[in-house]
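Keeping their order, the protein sequence lines are chains X and S.
Residue numbers for the first sequence follow my numbering, beginning at 1 and rising by one.
Residue numbers for the second sequence follow my numbering, beginning at 349 and rising by one.
Here a beta-carbon is modelled for each residue, glycine too, at the ideal position from N, C-alpha and C.
Quick caveat, the model's predicted, so the values are computed rather than measured.
A short worksheet on the structure shown next.
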Amino acid sequence: VDTRHPDDGTLLAFVEDQLPAGERERIATHVDWCAECAATVAEARGMIAAASRIVGALDDVPAGVLPARRVRRIPRWTAAAAVLVLSAGVSTVLVQQRATEKAAPTERAALAGQAAGAADADAGVPIREPESSQSGSAVSAAPASPAVPHPPAAAPTAARAAPAPSAPPAPVTITGRVVAEDGTPLPGANVFINEVNASVGTDSSGRYSITVPAERPRDSVIVRARAPGYAMQAETLHVGGGRQTVDLRLEQSRSFIAEASAGRALSAEQPGLFPPIRTVRYQVRPGVVVELREYPGGVGAASVREGALPSYMWHDPRARRTFVLSGPLPLAELELLAHRLGELVVVP
Amino acid sequence: MKDVERLFKAYNAALVRYLTRRLGDRDWAEELAQETFLRALRQGDVENERAWLFTVATNLARDEGRKQARRRRHLQLLADEARVRETEMAPLPIEREEDALAARRALDALEERDRLALLMREEGLNYEEIAEALGLSVRSIGTTLFRARRRLVASYEGLIQEKKGGHKAS
Chain X
1 VDTRHPDDGT
11 LLAFVEDQLP
21 AGERERIATH
31 VDWCAECAAT
41 VAEARGMIAA
51 ASRIVGALDD
61 VPAGVLPARR
71 VRRIPRWTAA
81 AAVLVLSAGV
91 STVLVQQRAT
101 EKAAPTERAA
111 LAGQAAGAAD
121 ADAGVPIREP
131 ESSQSGSAVS
141 AAPASPAVPH
151 PPAAAPTAAR
161 AAPAPSAPPA
171 PVTITGRVVA
181 EDGTPLPGAN
191 VFINEVNASV
201 GTDSSGRYSI
211 TVPAERPRDS
221 VIVRARAPGY
231 AMQAETLHVG
241 GGRQTVDLRL
251 EQSRSFIAEA
261 SAGRALSAEQ
271 PGLFPPIRTV
281 RYQVRPGVVV
291 ELREYPGGVG
301 AASVREGALP
311 SYMWHDPRAR
321 RTFVLSGPLP
331 LAELELLAHR
341 LGELVVVP
Chain S
349 MKDVERLFKA
359 YNAALVRYLT
369 RRLGDRDWAE
379 ELAQETFLRA
389 LRQGDVENER
399 AWLFTVATNL
409 ARDEGRKQAR
419 RRRHLQLLAD
429 EARVRETEMA
439 PLPIEREEDA
449 LAARRALDAL
459 EERDRLALLM
469 REEGLNYEEI
479 AEALGLSVRS
489 IGTTLFRARR
499 RLVASYEGLI
509 QEKKGGHKAS
C-alpha cells in the first residue's frame with residue numbers, strides 16, 4: 001500500500017474515473033486502506049451530486065430576463081426583411097435590414113398601413129416555445145400546433161404604446177437614442193423591454209420612444225437595444241426615479257453577423273446546418289403549395305439550401321426565429337403571401 | 349470541420365445549456381452557440397471536436413461578456429429578484445424560482461475558471477477536454493473541480509439558510 005495521501009483533486013479524479021490506469025490502481029488500494037481518504041471520497045461523491053443538482057436548478061429559468069417566455073407573442077417586426085441571393089441552385093439568404101428599408105420605404109409604409117388595423121388581432125398569435133432542452137435536442141421539440149407568424153410590419157409602436165385608460169399608475173414613456181461606438185445614429189435598431197412586451201424601432205436619427213403601459217407598473221425596467229451587426233446593449237432604468245431618457249451605445253460585433261451584413265454569403269456549401277423547427281405547407285390555390293420553414297435562432301443571417309424554388313426569408317429578432325417561405329411562385333408574390341399567411345389553407 | 353450538421357445535432361443542446369448556465373440568458377446563449385457552429389464550418393479538422401467547440405463558445409462568451417459582465421450580472425440579479433417578487437408572472441413554484449436564484453448567485457460567486465470547469469464537466473467533458481478548453485494542465489483539473497464544487501455547495505447552502513432565517517424573522 002502506498003501510504004502517501006493523494007490530494008483532494010486526485011481523489012476526485014479517482015471518483016470520476018479520470019486517472020490513468022496505473023494511478024487508478026494505486027489510489028484504489030490506498031483508499032481501501034486509509035479511512036481518512038475514504039471519507040474524502042465519500043464527501044466528493046456527495047459534492048458531485050449536490051453541485052449537479054444546484055447547476056441543474058439554473059435551468060428552471062432558461063430564458064434569462066424574459067419572464068413570460070413560455071408562451072410568447074410574436075412581436076410586430078420593426079423593419080427586418082430579407083435579401084435573397086441565388087446562385088447555382090443554392091439560395092443563400094441574408095438579412096439586410098437597412099438596405100431593404102432604403103430600397104422600399106413606401107412599400108413598407110403601405111404594408112404597415114394595411115397591417116395596422118388588424119395588428120392587434122392577428123399579430124398576437126402565441127408561439128409555443130419548445131420545452132427546455134432537457135430532452136436533449138433543442139430543435140426536435142417542435143410544437144404541435146402550427147402558429148402562423150405574422151410577417152414584417154413597420155408600425156410597431158402605435159397600438160402597443162397606448163396606455164390603459166383608467167389604471168392609477170401612469171404610463172411611462174422612455175425616450176433616447178441608439179448610436180454606434182463612434183456616435184453615429186443607428187436607424188432601424190430594435191429597442192425593447194421584455195418585461196412589458198414592448199418593442200419599437202429607431203427612426204432615421206436613431207431616436208426612439210417606448211412606453212411602459214400603465215397596467216404593467218414597474219419599479220425598474222431593462223431597456224435593451226440591438227441592431228444587425230452590433231452586440232446587444234442593455235440598461236436598467238428606475239422608472240420611479242424621474243429619469244426618462246436612456247441612450248444606448250452599441251458596439252460593433254466582430255462576428256458572422258457583421259459579415260452577413262456586409263453581404264457575404266455564409267456557408268452555402270453546408271445545407272441543412274440548422275434544421276427547421278417546423279415546416280408548414282400552405283395551399284395558395286389549387287395545385288400551388290408553398291412551404292414555410294421556421295429556423296431556430298438567426299442573429300440576422302441564415303443559410304439554407306432551397307433547391308431551385310424561389311424563397312422569401314424574414315427574421316424575427318425578438319423571437320429569435322428565421323422564417324423561409326418557398327414555393328413555385330415569383331418572389332414578389334411570395335413576399336405578398338408572407339404578409340397574408342393567415343388566409344392560406346394549411347396542407348397537412 | 350466538415351460534418352457540421354452532425355456536430356450541431358450532437359452538441360447543440362449541450363452547448364446551449366452550458367452557455368445558458370454560464371451567461372444566465374438563453375437568447376444570448378443560443379446566439380453564441382449558433383455562432384460557434386458557424387465558426388466550425390471554417391475550421392479545419394481538429395483533434396478533439398468537443399473540446400474545440402467548448403473552447404470557442406467559452407471564448408465568444410468571454411469576449412463579448414468581458415465589458416458587460418459586471419453590469420449584466422447586476423441586471424440578472426435585478427431581474428431574478430423582480431421575477432421572484434412577481435408571482436403573477438412566475439411560471440414556476442416560488443421555491444424553485446428561489447432555488448434558481450440561489451444557484452445563480454452561488455455560481456456567480458465562483459472564480460471564472462472554477463465556474464467554467466464545473467459547467468463543462470456537467471456537460472460530460474472529461475478532464476483532458478476541460479484542460480484543453482481552458483488551457484490548464486490535466487493534473488490541475490481535479491483540484492479545480494473539487495474546489496469549485498465545494499464552494500458552490502457551501503455558498504448555495506449559505507444562501508438557502510439565510511433565506512429560511514429571513515422567512516422566520518418576517
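**OP:** Indicate whether at least one CB of chain S lies closer than 8 angstroms to the CB of Ala50(X).
**Re:** The sequence position of residue 50(X) within the first sequence is 50, counting from 1. Closer than 8 angstroms: yes.
Original post:
What do you reckon, are the CB atoms on Thr173(X) and Thr211(X) nearer than 8 angstroms?
Top reply: Here residue 173(X) refers to the residue found at position 173 of the first sequence. Here residue 211(X) refers to the residue found at position 211 of the first sequence. Yes. Within cutoff.
Original post:
With 8 angstroms set as the bound, which would you pick, yes or no: does the beta-carbon of Asp8(X) sit closer than that to a beta-carbon of chain S?
Top reply: Taking the first sequence and counting its residues from 1, the one referred to as residue 8(X) is at position 8. Yes, Asp8(X) counts as interfacial toward chain S.
Original post:
Within the 8 angstroms Cβ cut-off, does Leu458(S) reach chain X?
Top reply: Translated into the one-based positions of the second sequence, residue 458(S) becomes position 110. For Leu458(S), the answer is no, since every Cβ of chain X falls outside 8 angstroms of its Cβ.
Subject >> Cβ shell of Ala35(X) (< 7 angstroms), same chain only, five flanking positions each side left out >> reply: Translated into the one-based positions of the first sequence, residue 35(X) becomes position 35. Hits under 7 angstroms: none found.
Original post:
Taking buried to mean at least 16 other C-beta atoms within 10 Å of its own C-beta, is Gln509(S) buried or exposed?
Top reply: Within the second sequence, residue 509(S) is the residue found at index 161, counting from 1. Result: exposed.
Subject >> C-alpha distance - Glu460(S) paired with Leu341(X), whole-angstrom precision >> reply: The residue labelled residue 460(S) in the question sits at position 112 within the second sequence. The residue labelled residue 341(X) in the question sits at position 341 within the first sequence. In a straight line, the C-alpha of Glu460(S) is about 47 angstroms away from that of Leu341(X).
Original post:
Out of curiosity, what's the CA-to-CA distance linking Arg207(X) and Val178(X)?
Top reply: Taking the first residue of the first sequence as 1, we reach residue 207(X) at position 207. Taking the first residue of the first sequence as 1, we reach residue 178(X) at position 178. Roughly 6 angstroms between the two C-alpha positions.
**OP:** Look up Leu292(X) in the DSSP assignment and say whether it is helix, strand or coil.
**Re:** In the first sequence, counting from the first residue as 1, residue 292(X) sits at position 292. Note: Leu292(X) maps to strand in three-state DSSP.
Original post:
Out of curiosity, what's the CA-to-CA distance linking Ala42(X) and Leu455(S)?
Top reply: As a position in the first sequence, residue 42(X) is number 42, starting the count at 1. As a position in the second sequence, residue 455(S) is number 107, starting the count at 1. C-alpha separation (whole angstroms): 23 angstroms.
Original post:
Is Gly188(X) buried or exposed, if buried means 16 or more other CB atoms sit within 10 Å of its CB?
Top reply: The residue given as residue 188(X) occupies position 188 in the first sequence. Buried is the call here.
Original post:
DSSP three-state call for Gly201(X): helix, strand or coil?
Top reply: As a working note, residue 201(X) is residue 201 in the first sequence. Strand, per DSSP.
Original post:
From the beta carbon of Thr435(S), is the nearest beta carbon of chain X less than 8 angstroms away?
Top reply: In the second sequence, residue 435(S) corresponds to position 87, counting from 1. For Thr435(S), the predicted model reports a pLDDT of 38, less than 50, meaning its position is unreliable and no value from the coordinates is stated.
Subject >> Reference Leu19(X); option with closest CA among Ala496(S), Asn474(S), Glu480(S) >> reply: On the first sequence, position 19 is the one that residue 19(X) refers to. The candidate whose alpha carbon is nearest that of Leu19(X) is Asn474(S).
Original post:
According to DSSP, is Ser488(S) helix, strand or coil?
Top reply: As a working mapping, residue 488(S) is identified with position 140 in the second sequence. In the structure shown, Ser488(S) sits in a helix (DSSP, three-state: H, G or I).
**OP:** If I'm right that Leu292(X) touches Leu325(X) with Cβ under 8 angstroms, what's the distance once you round it to whole angstroms?
**Re:** Translated into the one-based positions of the first sequence, residue 292(X) becomes position 292. Translated into the one-based positions of the first sequence, residue 325(X) becomes position 325. About 5 angstroms separates the two Cβ atoms, so the contact holds.
Subject >> Any C-beta of chain S under 8 angstroms from that of Ala21(X) >> reply: Within the first sequence, the letter at position 21 stands for residue 21(X). Not one chain S Cβ lies under 8 angstroms of Ala21(X).
Subject >> For Trp33(X), the nearest candidate out of Thr3(X), Gln283(X), Asp17(X), Ala51(X) (CA to CA) >> reply: Translated into the one-based positions of the first sequence, residue 33(X) becomes position 33. Comparing Cα-Cα distances from Trp33(X) to each of Thr3(X), Gln283(X), Asp17(X), Ala51(X), the minimum goes to Thr3(X).
**OP:** Check whether the Cβ of Phe494(S) lies closer than 8 angstroms to any Cβ atom in chain X.
**Re:** Residue numbering aside, residue 494(S) sits at position 146 when the second sequence is read from its first letter. With 8 angstroms as the cut-off, Phe494(S) counts as an interface residue toward chain X.
**OP:** Could you tell me which of Val288(X), Thr236(X), Ala44(X) sits nearest to Asp359(X), measuring between CA atoms?
**Re:** Outside the displayed range of chain X (1 to 348) lies residue 359(X), so it cannot be described from this structure.
Original post:
Is there a Cβ from chain S that is less than 8 angstroms from the Cβ of Val223(X)?
Top reply: Residue mapping note: residue 223(X) aligns to position 223 of the first sequence, counting from 1. Chain S, which has no Cβ nearer than 8 angstroms to the Cβ of Val223(X), makes this no.
Original post:
By Cβ distance below 7 angstroms, which residues in the same chain neighbour Tyr504(S) in space, the five residues on each side in sequence not counted?
Top reply: Counting from 1 along the second sequence, the entry for residue 504(S) is found at position 156. These residues qualify, in order along the chain: Ala450, Ala451, Ala454.
**OP:** State yes or no: is the beta carbon of Leu467(S) nearer than 8 angstroms to at least one beta carbon in chain X?
**Re:** As a position in the second sequence, residue 467(S) is number 119, starting the count at 1. Yes, because at least one Cβ of chain X sits closer than 8 angstroms to the Cβ of Leu467(S).
Original post:
Between which two residues does the beta strand (DSSP E) containing Ala225(X) stretch?
Top reply: Along the first sequence, read from residue 1 onward, the residue named residue 225(X) stands at position 225. 220-226 is the extent of the beta strand (DSSP E) around Ala225(X).
Original post:
When the Cα atoms are used, what is the spatial distance from Val191(X) to Glu235(X)?
Top reply: In the first sequence, the residue the question calls residue 191(X) occupies position 191. In the first sequence, the residue the question calls residue 235(X) occupies position 235. Spanning the two alpha carbons is a distance of roughly 11 angstroms.
Original post:
Exposed or buried, what is Gln283(X) when buried is set at 16 or more other beta-carbons lying within 10 Å of its beta-carbon?
Top reply: Taking the first sequence and counting its residues from 1, the one referred to as residue 283(X) is at position 283. By the 10 Å Cβ count, Gln283(X) comes out exposed.
Original post:
Is the beta carbon of Arg499(S) less than 8 angstroms from the beta carbon of Leu458(S)?
Top reply: Counted from its first residue, the second sequence places residue 499(S) at position 151. Counted from its first residue, the second sequence places residue 458(S) at position 110. A contact, by the Cβ cut-off of 8 angstroms.
Original post:
Using a Cβ-Cβ cut-off of 7 angstroms (strictly less than) and excluding sequence neighbours within five positions of Ala377(S), which residues of its own chain qualify?
Top reply: Locating residue 377(S) in the second sequence gives position 29, where the first residue counts as 1. Correct list, in chain order: Val364, Leu367, Thr368, Leu371.
Subject >> Contact residues within the stretch 355-374 of chain S, judged by C-beta distance below 8 angstroms to chain X >> reply: Phe356, Lys357, Asn360, Ala361, Val364, Arg365, Thr368, Arg369, Leu371, Gly372, Asp373, Arg374
**OP:** Have a look at Arg374(S), Asp375(S), Arg497(S) and flag the residue whose alpha-carbon is nearest the alpha-carbon of Arg53(X).
**Re:** As a position in the first sequence, residue 53(X) is number 53, starting the count at 1. Closest option to Arg53(X), Cα to Cα, is Arg497(S).
**OP:** Identify the contact partners of Asp59(X) in chain S, using a Cβ-Cβ distance below 9 angstroms as the criterion.
**Re:** Stepping through the first sequence from its first residue, residue 59(X) is reached at position 59. Chain S residues near Asp59(X): Arg365, Thr368, Arg369, Ala448.
Original post:
Per DSSP, what kind of secondary structure is Ala170(X) in: helix, strand or coil?
Top reply: Reading the first sequence from its first residue, position 170 is the one you call residue 170(X). Coil, per DSSP.
**OP:** Report buried or exposed for Thr492(S), applying the criterion of at least 16 other Cβ atoms within 10 angstroms of its Cβ.
**Re:** As a position in the second sequence, residue 492(S) is number 144, starting the count at 1. With 16 or more other Cβ atoms within 10 Å, it is buried.
Subject >> C-alpha distance - Val394(S) paired with Trp400(S), whole-angstrom precision >> reply: Residue numbering aside, residue 394(S) sits at position 46 when the second sequence is read from its first letter. Residue numbering aside, residue 400(S) sits at position 52 when the second sequence is read from its first letter. C-alpha separation (whole angstroms): 7 angstroms.
Original post:
Pick from Ala481(S), Ala448(S), Phe356(S), Leu466(S): whose alpha carbon is nearest that of Asn407(S)?
Top reply: The residue labelled residue 407(S) in the question sits at position 59 within the second sequence. Per the Cα distances, Ala481(S).
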